[in-house]
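Working notes for the structure below.
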Amino acid sequence: MELVFATNNKHKIREISDLLDGNFRILGLADLGITEDIPEEAETLEENAVFKARYVHEKTGLSVFADDTGLEVTALGGAPGVYSARYAGESKSFDDNIEKLLREMQNATDRSARFRTVIALILDGSEYLFEGTVEGEIIRERRGVGGFGYDPVFIATGSDRTFAEIPLSEKNLISHRAKAMRKLIEFLSRDNPLSAGK
Ligand code: IMP
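Residue numbers (numbering that gives the first Met the number 0): 0 to 197.
Laid out in structure tokens, this is it:
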């Protein structure tokens, strides 16, 4: 069956296509000729993911899922959270966002934080939510050159290297997004009404 991933991020599409079996074909927004940016203006990850999934479903009538991720820092009351992509401002870079995070946390002794991904799925007229989290801490200086976003300052609990210092294959074993994706895949492969009896 065909399923739309409401994203233009080719890396994310490849990642999930690799994990699914041959019963599903994943289409990105580009495959459907949807080129506009879907607004992400809600105040929670859940609402943003649901909004994106509904937007594409209403446009295409196809089954669709969408994701939204945030970094939730305890000492900052859960910020930057849903605003993680534009923490330092609308047109700012990953580097600017890290700069602001380290500044805001300068005096914080509680360094705990977590990444949280929410996936909203619309399948056969019903809506479903899946969540993946990884707990960890924010260090005081950047380390590593891999990954993206806040990876250079995030160390997962139980590790001694930042997400920017470990290979992607290792990050994919424990990351928030990979966990949420695996829950979605498990559901699609086993639990959903369309695959019942398979
Ligand atoms: P998105 O919802 O996947 O676009 O993620 C929103 C923002 O969260 C990104 O722009 C990054 O700043 C941050 N983010 C999401 N996933 C990761 C990750 O795996 N590592 C570091 N930062 C991330």
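Virtual Cβ for every residue (Gly too), placed ideally from N, Cα, C.
Q: Just mark M104 as buried or exposed, buried being the case when its beta carbon has 16 or more other beta carbons within 10 Å.
A: Walking along the sequence shown from the start, residue 104 turns up at place 105. Classification of M104: buried, given that the 10 Å Cβ count is 16 or more.
Q.
Quick check: what's the CA-CA separation for T108 versus E134?
A. Along the sequence shown, read from residue 1 onward, the residue named residue 108 stands at position 109. Along the sequence shown, read from residue 1 onward, the residue named residue 134 stands at position 135. Cα to Cα, T108 sits roughly 16 angstroms from E134.
(Q) Beta-carbon within less than 6 angstroms of K51's beta-carbon, same chain only, minus the 5 sequence neighbours each way: which residues are those? (A) Position 52 of the sequence shown, counted from the start, is the residue given in the question as residue 51. Hits under 6 angstroms: A5, I37, A65.
Q: With hydrogens ignored, establish whether the beta-carbon of T68 is closer than 6 angstroms to any heavy atom of the ligand IMP.
A: Against the sequence shown, residue 68 aligns to sequence position 69. Checking every heavy atom of the ligand IMP against the Cβ of T68, one is found closer than 6 angstroms.
Q: Have a look at L2 and K182 and give me their C-alpha separation to the nearest angstrom.
A: Along the sequence shown, one-based indexing puts residue 2 at 3. Along the sequence shown, one-based indexing puts residue 182 at 183. Approximately 16 angstroms between the Cα atoms of the pair.
Q.
So, with DSSP's three-state summary, where would you put P151?
A. Reading the sequence shown from its first residue, position 152 is the one you call residue 151. It is helical.
**Q.** Residues near Y86 by beta carbon distance below 6 angstroms, same chain, minus five either side
**A.** The residue you call residue 86 lines up with position 87 of the sequence shown. P79, N96, K99.
Q.
Taking the straight line between their C-alpha atoms, what separation do you get for E57 and L101?
A. The residue you call residue 57 lines up with position 58 of the sequence shown. The residue you call residue 101 lines up with position 102 of the sequence shown. Their Cα atoms are separated by approximately 40 angstroms.
Q) Can you give the Cα-Cα distance for I137 and R53, rounded to whole angstroms? A) One-based indexing of the sequence shown puts residue 137 at position 138. One-based indexing of the sequence shown puts residue 53 at position 54. If I take the Cα positions, the gap works out to 34 angstroms.
Q: Return yes when the C-beta of D150 is under 6 angstroms from any heavy atom of the ligand IMP, and no when it is not.
A: The sequence position of residue 150 within the sequence shown is 151, counting from 1. D150: yes, Cβ under 6 angstroms from the ligand IMP.
Q: May I ask you to check if the CB of A5 is nearer than 6 angstroms to at least one heavy atom of the ligand IMP?
A: One-based indexing of the sequence shown puts residue 5 at position 6. Not under cutoff, so the answer is no.
Q) Under the rule that 16 or more other beta-carbon atoms within 10 Å means buried, what is A29, buried or exposed? A) Taking the sequence shown and counting its residues from 1, one reaches residue 29 at position 30. Exposed.
Q) How about S83: is its Cβ closer than 6 angstroms to a heavy atom in the ligand IMP? A) To locate residue 83, count along the sequence shown from 1; it is residue 84. Yes - the ligand IMP has a heavy atom lying nearer than 6 angstroms to the Cβ of S83.
Q: Figure out for me which residue from T132, E169, S125, G124 has the closest Cα to the Cα of G146.
A: For this step, residue 146 is matched to residue 147 along the sequence shown. For G146, the nearest C-alpha among the options comes from E169.
(Q) Among the candidates E42, S158, V63, whose CA atom is the shortest distance from the CA of I118? (A) As a working note, residue 118 is residue 119 in the sequence shown. Among E42, S158, V63, the Cα nearest to that of I118 is on V63.
**Q.** Residues bridged to Y54 [DSSP beta-bridge criterion]
**A.** Your numbering for residue 54 matches position 55 in the sequence shown. None; Y54 has no bridge partner.
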